[in-house]
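Single-structure report; data block below.
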Amino acid sequence: MESELRINPEIGFVCWESSLQMPPRCVFYRLHHIRGDRLPYAVLQHLIHLPQPSLSKEQHLTQKIDCMCFPKTADNPELIEYHSENSKRKHYALLIRPFGAVPGLRYPVIQLVYGGPGVQLVRNAWST
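Heads up, the final residue of the sequence shown is numbered 155 in our numbering, and it's a clean run with no missing numbers.
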């Protein structure tokens, strides 16, 4: 999950959160300071979900076709990390399995390297 934070130590903080499965939302946490404790604790006060834009007829039809061709499942897509024997480093990736994939069954892999050579950027954030 990706978040952006704005804090006022005396009152609380506002945080924008999103992930691959969750559209952006704005969350306000109030900070409670207890005498004797070094750190305050946060209590969720307000949660604001942004309205999703309505689709035009053409976009709605395109979305229906996309759903038929590329249906989403609960585990699709998945952020993974793996250790490369070649580079001896940890790498991050976005794994998209075929619809109806059977656990334990091996499938061919298409690996798309973007922006290479260079820095990877894999983010668990909502994208439009």
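All residues carry an ideal CB built from backbone N, CA and C; glycine is no exception.
Quick one: measure Cβ to Cβ for residue i and residue j, integer angstroms, because I've assumed they're closer than 8 Å.
i    : j    : result
G188 : L58  : Residue 188 cannot be examined here, being either before or after the span of the chain that is shown, 28 to 155.
L47  : N151 : 6 Å
Grab me the residues of residue i's own chain with a C-beta within less than 8 Å of its C-beta, minus the 5 sequence neighbours each way, in chain order.
i   : result
Q72 : G39, F55, Y56 and R57
E31 : C42 and W43
Taking the straight line between their C-alpha atoms, what separation do you get for residue i and residue j?
i    : j    : result
Y134 : I61  : 55 Å
L132 : V70  : 44 Å
E108 : L121 : 9 Å
V136 : N113 : 18 Å
W153 : W43  : 11 Å
L139 : E105 : 15 Å
F126 : P50  : 23 Å
P130 : Y119 : 21 Å
Which residue comes first and which comes last in the beta strand (DSSP E) that contains residue i?
i    : result
W43  : G39 to S45
E108 : E105 to H110
Name the DSSP bridge partner or partners of residue i?
i    : result
A69  : L58
Y119 : E108
L74  : V54
N35  : G39
Keeping to the same chain, check which residues put their C-beta closer than 6 Å to that of residue i; ignore five residues upstream and five downstream.
i   : result
I34 : F40
In chain order, what residues of the same chain have a beta carbon less than 7 Å from the beta carbon of residue i, not counting five sequence neighbours either side?
i    : result
K117 : E108 and H110
H76  : R52
A128 : Y134
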